[in-house]
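Heads up: the sequence shown begins at 44 in the working numbering, then just goes up one per residue.
Note that CB positions come from ideal geometry on N, CA and C, so glycine has one too.
Quick caveat: nothing in here was measured; it's all calculated off a predicted structure.
To keep things clear, I will list the structure first and then write my remarks on it.
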Amino acid sequence: MTERDVNIANEPGFHRELQGGQIDTDWHAQRGEPRYLVHWRVSLVYQDAGKRQTFRGRIFDLSPSGFSLLSDYNLPVSDQVTVLISVPPMVAGQRARILEAKSRVLYTVLSNEFDAFRIGVRFLGFKADGRDFLESSLAARVPAPMSTRGEA
């Protein structure tokens with residue numbers, strides 16, 4: 044990991060990789076809002092010079108402002124990508140809902156802990172009522188606990 048990776052990861056709203064491959068889980072302090080541990084399917088669509096590339100992964104943690112995902116691919120940092128999130132139904136028998144959001148890929152780091160690339164993404168804007176739906180879905184879930192690391 045380079046100094047640039049650390050600086051990008053320290054951008055307000057996202058957690059950062061610590062030395063030794065540990066993840067800083069002081070989520071409330073870093074993003075300023077609770078994070079939710081989920082395992083939702085996600086696709087990132089890059090559009091460049093008429094060429095379209097899609098990458099799939101799983102969201103690792105999520106907040107109303109963005110998420111981090113785990114991927115086998117080292118995705119490029121980008122000013123804008125289209126993100127498609129499959130939100131599982133809260134009730135059996137219902138269909139998953141696909142949320143579409145314009146987003147920005149902030150960083151990509153290789154995580155020793157997960158043996159995958161961890162990608163940080165910030166939401167820029169949702170299509171239709173996507174933001175409201177996401178926030179109501181998160182309100183029905185329990186946020187991830189605060190960091191359990193001892194205070195020095």
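Exposed or buried, what is G168 when buried is set at 16 or more other beta-carbons lying within 10 Å of its beta-carbon?
Burial call: exposed.
Can you give me the Cβ contacts of E178 inside the same chain, cut-off strictly under 8 Å, excluding the 5 residues immediately before and after it?
Contacts found: P107.
Under DSSP, the alpha helix (DSSP H) around A182 begins and ends at which residues?
Taken as a continuous stretch (DSSP letters only), the alpha helix (DSSP H) holding A182 covers G173 to A182.
In whole angstroms, what separates the C-alpha of L105 from that of R184?
About 11 Å.
In the structure shown, what three-state DSSP assignment does K94 receive?
Strand, per DSSP.
Under the three-state reduction of DSSP, which class applies to L114: helix, strand or coil?
Just to set this straight, residue 114 is Ser in the shown sequence, not Leu. In the three-state reduction of the DSSP assignment, S114 falls in the strand class, which pools E and B.
Residue from S121, I102, Q137 and L87 whose Cα sits closest to the Cα of V148
Of the candidates S121, I102, Q137 and L87, the one whose C-alpha sits nearest the C-alpha of V148 is S121.
Among S154, I102, L153 and E143, whose alpha-carbon lies nearest the alpha-carbon of D175?
The residue from S154, I102, L153 and E143 with its alpha-carbon nearest to that of D175 is E143.
Three-state secondary structure (DSSP) at V124?
Annotated three-state conformation of V124 is strand, per DSSP.
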